[in-house]
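Enquirer: Residue numbers (the numbering used here): 3 to 235.
Let me give you the structure first, and then I'll get to my questions.
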Ligand code: SF4
Ligand code: SF4
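What follows is the structure, encoded as structure tokens:
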């Protein structure tokens, strides 16, 4: 707790007024705790939702043998600014990184001012060069990453289409028609909405994936400091 107090923005500016800070810090701490708790409401449900979605999608892809090209990570390459998520969606990953001791490494990269604004790919992407690579934190990837390549979207006039790369689109469409695909696969917008609804933080807007992960990591660190002990969710 002393660490949190020392690092708190208000207390940092009050080092010469230590008594004032000692008196008011417990009040600030309570407010902070309440605000933080709001961010973490629904995370356990979201984590279960991720597991359920993985099971559903893998049943379909195993049944029809629809799998990514071996070692391909093409959809993860390119500027992370084009991949969007909410902070809430990244909390399960941020918690996992904090528990496994990897969060400082990622925070250091994300705090570089060039990242994510200019050229950064998603910070957890493992680039194996020559168009190959993979997600370094696949289990807790956010919704858009789970659904790209295995979902459908509604266009205007109720036209539906597959969401994914050419490789998977061809695999799917060579085996099933659009109506079958529509009945079988999750719908992108409904599923994303369902996942995000576990949180009632209406201010949790959609931002680029690296910025969302950075904020999620900071929130988890703050929570970890506040509980002064083992991080459990
Ligand atoms: S979805 Fe397509 S582009 Fe992305 S990794 Fe799979 S095969 Fe490659
Ligand atoms: S979280 Fe994983 S799947 Fe999503 S963009 Fe990053 S590396 Fe790719």
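Using N, Cα and C, we set each Cβ at its ideal position, and we do this for glycine too.
Using the Cα positions of residue 131 and residue 200, report the straight-line distance between them to the nearest angstrom.
Expert: 37 Å
Enquirer: Beta carbon of residue 215, beta carbon of residue 55: below 8 Å?
Expert: In this structure, residue 55 does not lie closer than 8 Å to residue 215 by Cβ.
Enquirer: According to DSSP, what are the bridge partners of residue 209?
Expert: 87
Enquirer: Straight-line CA distance for residue 194 to residue 146?
Expert: If I take the Cα positions, the gap works out to 7 Å.
Enquirer: Tell me the rounded alpha-carbon separation between residue 237 and residue 133.
Expert: Lying outside 3 to 235, the shown extent of the chain, residue 237 is not represented and no answer is given.
Enquirer: Under 8 Å, do residue 211 and residue 87 count as touching if we go by C-beta distance?
Expert: yes
Enquirer: If we count the other Cβ atoms within 10 Å of its Cβ and call it buried at 16 or more, is residue 221 buried or exposed?
Expert: buried
Enquirer: Using the Cα positions of residue 108 and residue 96, report the straight-line distance between them to the nearest angstrom.
Expert: 10 Å
Enquirer: Please name the residue or residues paired with residue 131 in a DSSP beta bridge.
Expert: 134
Enquirer: Quick check: residue 186 and residue 62, are their CB atoms within less than 8 Å of each other?
Expert: yes
Enquirer: Quick one: grab the DSSP three-state call for residue 152.
Expert: Of the three classes helix, strand and coil, the one that applies to residue 152 here is coil, per DSSP.
Enquirer: Pull up the distance between the alpha-carbon of residue 50 and that of residue 202, whole angstroms please.
Expert: 17 Å
Enquirer: Looking only at its own chain, which residues have a Cβ that is under 7 Å from the Cβ of residue 138, when we skip the five neighbours before and after it?
Expert: 126, 127 and 128
Enquirer: How far does the beta strand (DSSP E) with residue 164 in it reach, from first residue to last?
Expert: For residue 164, the uninterrupted beta strand (DSSP E) segment begins and ends at 162-165.
Enquirer: Per DSSP, what kind of secondary structure is residue 74 in: helix, strand or coil?
Expert: strand
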